[in-house]
Amino acid sequence: MLSATLALLMQVGPNPGAGSIPTVPEELVELRRRQQETAIEPTLTRDRLQSCLARAEQDSVAARIEADSWLRNAVGVTRAEALQCRGYAFANSAFWNEAASSFIAARDDSEAVDSRYRARLGTMAANALLTAGDNRRAIEVLETAKSDAAEAGFAALEAEIELDRARAYVALGEPASAGAALAAARELAPANARAWLLSATLARRNNDLATAQSQIEQASRLNPTDPEIGLEAGVIAVLAGNDDAARQSWQSIVAIAPESSQAKTAKSYLEQLDRP
13 MLSATLALLM QVGPNPGAGS IPTVPEELVE LRRRQQETAI EPTLTRDRLQ
63 SCLARAEQDS VAARIEADSW LRNAVGVTRA EALQCRGYAF ANSAFWNEAA
113 SSFIAARDDS EAVDSRYRAR LGTMAANALL TAGDNRRAIE VLETAKSDAA
163 EAGFAALEAE IELDRARAYV ALGEPASAGA ALAAARELAP ANARAWLLSA
213 TLARRNNDLA TAQSQIEQAS RLNPTDPEIG LEAGVIAVLA GNDDAARQSW
263 QSIVAIAPES SQAKTAKSYL EQLDRP
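For what it's worth, my numbering labels the leading residue of the sequence shown as 13, then goes sequentially.
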């Protein structure tokens, strides 16, 4: 099964005119979201890619066989799509390094792969590397993806790449670099609630509660019903000594998304808050 960010970027091919979770594992959920937000024109090739990706979610071995067969006769951008599907199949089997290698091979296959598609393939590869724990290599791949996204004028994906860079820097224990990446993400996509949420979380971990409060308020304005934002808002509030605000945030999660994992966490926080 796949990580969220991977699943998302992988479902669609290049734009011919030119970007925490149940059943699908957390590593690939964000990827699926990004893919669904990237509109493409339907073509026969796209249909084959979609079919191969759908097969990968059901039978990753069969999808790898299909992708290898497709690759033998593919030319131009369709070779990249066959490699993309193979990478997705590897990811669904949790072979993260193999998935990353396939995505990078797709990215570098030929000049038929335009900068927009290159940026998305690079982001897929980096997310596979992040999941594999190879954060330093992921940053290198993300730097290339960032350049490709900028060349394509793909600001939304540039912002997502900065969020991925921040994740890698946090994992490497480099909060200053993570903060710079998050600042770039907010500048590129000021309406991206997740950028503000992650910024608030980093500020809170750095004991800058004033900044954390300001940033979580902005995240909440942009997406008032996101349970992750409500959970973080409560944590920031309780650390600032505002138990009533924390209680209100966590109770709102239980009311809005009672079956979510965040609601379960919120309930445990409320129990702790109400203990003598």
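Glycine included, C-beta positions come from ideal geometry on N, C-alpha and C.
- DSSP places ALA131 within a helical segment (H, G or I) once states are collapsed to three.
- Within the same chain, Cβ atoms closer than 8 Å to the Cβ of ALA193 are found at GLU174, LEU175, ARG177, ALA178 and TYR181, the five residues on either side in sequence being excluded.
- For the set ILE116, ALA144, ALA190 and ALA195, the Cα lying nearest the Cα of ALA157 is the one of ILE116.
- Three or more pairs of CB atoms, one per stretch, sit closer than 8 Å, so the stretch 90-110 contacts the stretch 132-142.
- At the C-beta level, VAL266 and ALA278 come within 9 Å of one another.
- Under the three-pair Cβ rule at 8 Å, the stretch 228-247 counts as touching the stretch 203-216.
- Between ALA258 and LEU214 a beta carbon distance of about 19 Å is seen, past the 8 Å cut, so the two are scored as non-contacting.
- For PRO202, no alpha helix (DSSP H) run applies, since DSSP gives it neither H nor E.
- With respect to the 9 Å criterion, LEU221 and LEU184 are not classified as neighbours on the basis of their beta carbons.
- A distance below 9 Å separates the beta carbons of TYR281 and GLY246.
- Judged by DSSP secondary structure, ALA257 falls within the alpha helix (DSSP H) whose first and last residues are 255-268.
- One alpha carbon belongs to THR237, the other to SER264, and they sit about 9 Å apart.
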